[in-house]
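In what follows, a single structure is set out as structure tokens and then discussed.
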Amino acid sequence: MTSTPSDNTAVDASFMSYSGLQSAPPISPLEFLPGWFVYLPVIIQWFALGFWHGDLSLPTAANPRIRTGGLCGERKTEILDIAGPTARAIIAPYATLTTSTNDLPRALAALAHAAITLPIVVKPDIGCNGTGVRLIKTEARLAETLAAFPRNIDLVLQQFVPLPGEAGIFYMRHPDAPTGRITSLTLKYPPTITGDGTHTLRALIDADPRHRRARHLYFPRLSATLDTVPAAGETIPLVFAGNHCKGSIFRNGAAEITPALTSRIDAIARDLPDFHFGRLDVRFESLAALRRGDGFRIIEINGVGSEATHIWDPSTPLRTIWLDQLHHYAAAWSIAATLRRRGTQTTGLWPMYRDWQTQLRLMSTYPLND
């Protein structure tokens, strides 16, 4: 059987050892709770603080240079483009393309201009949760992917970073504080299945205690190969996008936060003008290097709409999920309130709602992610 193309290479020994993937519970009953239940305390907090401050859109002021502060409807390139030289040196190179006609030659020209070579990652400029994100290894696959998007959609064509580890690093800095801090670090693992030479891919997924809970995420993208039999020892990646809601496995990496890493992330974040609150998604070569603040590249930067994803570690109890969410979003309100007193304007409730609806509408048109 030929597996779906993926460059999620095996992580180094220290990364696998830390993760505890061989011994930790593969799934928590909390991981697949309804979204409204998981986020209910945040919604209550949002309305309570909104009425207290007199503006339900106040957190949109937390990152003044970004549309809605990065809550919704912002462009990925809008954040990446404001990077200064320190941050830009760490960001994986990218180009942009608006789907129209002759997409493939225009995309290849844009990649050549930016000195980017295959493999690349194609992602919508407006979107979230890995929707529409695809790994591209060949020109044929690039042409197929560009054609799968509707016309007049803005895309990001980013150099794929072939480092084995992936992490989400949450950063916040109060405007009155001299430095920022890392409040969460999440290690992300691509889910895989190992063939036994006997059972079909469908049967192997259904037999796994975690993967069968997420088969509604895996089956659509693997439909062409579900009834084939992987060879014994063959490893099949089930998803490429490093998002929990797309089936990736998250582990709390708080133990990897060091003064050196914090100092490096703070320097990068401060090179993003007026950036106070959000998550940097990175790929890294080893945990040892990450702890030193070295050996990583940024693949995406998210604003107020991002979350501290360590809460999706299967060992995290519900009380901690709720408390950590409330802590982080309370900080966004505090940062934004301070900036509003200094003259920063908020988006406003109805413009914020329209941006959210625009984002949802666009995401509904994107092709299936890898």
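Residue numbering for the sequence shown is 92 to 461, as defined by the working numbering.
Built from N, CA and C at the ideal position, the CB exists for glycine as well.
These numbers come from a predicted model, not from an experiment.
For residue i and residue j, what's the separation of their Cα atoms in angstroms?
i	j	result
D357	T270	7 Å
Q450	T289	44 Å
G111	N460	Legend: pLDDT at G111 = 42, less than 50; position of this residue unreliable, value from coordinates given subsequently. Near 27 Å, if we compare the C-alpha coordinates of N460 and G111.
R452	G286	38 Å
A205	R431	38 Å
A346	S148	34 Å
L254	L378	12 Å
I207	T277	28 Å
L140	I426	13 Å
Q448	S455	11 Å
T437	T316	48 Å
T326	W143	53 Å
N99	W127	Summary for N99: the model assigns pLDDT 37, below 50, so the residue's position carries little reliability; its value from the coordinates is reported in the next sentence. Cα-Cα distance, rounded: 32 Å.
P125	I412	14 Å
R433	L308	45 Å
R506	I211	Residue 506 lies beyond the range of the chain shown here (92 to 461); nothing can be said about it.
A203	L233	14 Å
H418	L226	35 Å
K279	R264	24 Å
Comparing C-alpha positions only, which one of the options sits nearest to residue i?
i	options	result
T319	V330, I296, H307	I296
K228	C219, F251, K214, V247	F251
I389	A399, A379, R374, L381	R374
P350	I134, G384, T326	G384
E398	L317, A380, Y262, R293	Y262
T400	M454, R304, A258	A258
P176	L363, N243, T411	L363
P281	I173, P328, S314	P328
L171	E391, P210, L414	E391
G145	A180, L409, W424	W424
R306	V129, G338, A203	G338
I181	Y130, A428, L371	L371
S314	A239, E376, V330, E169	V330
Rounded to the nearest angstrom, how far is the Cβ of residue i from that of residue j, given a contact under 8 Å?
i	j	result
T416	P150	The identity of residue 416 in the sequence shown is Gln, whereas the question assumes Thr. Rounded, the Cβ-Cβ distance is 13 Å, inconsistent with contact.
Y185	Q136	Between Q136 and Y185 the Cβ distance is about 35 Å, and since that is not below 8 Å, they are no contact.
T187	L246	7 Å
L237	D267	L237 to D267, Cβ: 46 Å. No contact.
I273	I359	Going by Cβ atoms, the distance from I273 to I359 rounds to 11 Å, so no, they are not a contact pair.
Y457	T222	5 Å
T189	N243	6 Å
L414	L381	The pair is not a contact, with the Cβ atoms about 26 Å apart (cut-off 8 Å).
Cutting at 7 Å between CB atoms, please list the residues of its own chain near residue i, excluding the five before and the five after it.
i	result
N504	Here the chain has residues from 92 to 461 only, and residue 504 is not among them.
L409	L121
T435	A152, P155
E169	I157, R158
S354	G384
To which residues of the same chain is residue i closer than 8 Å at the C-beta, ignoring the five residues directly before and after it?
i	result
Y420	V133, Q136, W137, P150
R293	F310, L317, D318
Can you give me the Cβ contacts of residue i inside the same chain, cut-off strictly under 6 Å, excluding the 5 residues immediately before and after it?
i	result
T446	Checking the sequence, you will find Asp at residue 446 rather than Thr. Only T159, C163, G164 meet the Cβ criterion.
R312	L459
A183	Q249, Q250, V252, R388, I390
The region 190–207 touching the region 438–450, judged by at least three CB pairs closer than 8 Å: No, the region 190–207 does not touch the region 438–450.
Would you call the region 402–414 and the region 336–353 in contact, with 3 or more CB pairs under 8 Å? A contact exists between the region 402–414 and the region 336–353.
Does the count of Cβ pairs from the region 208–219 and the region 165–177 closer than 8 Å reach three? Yes: at least three Cβ pairs fall under 8 Å.
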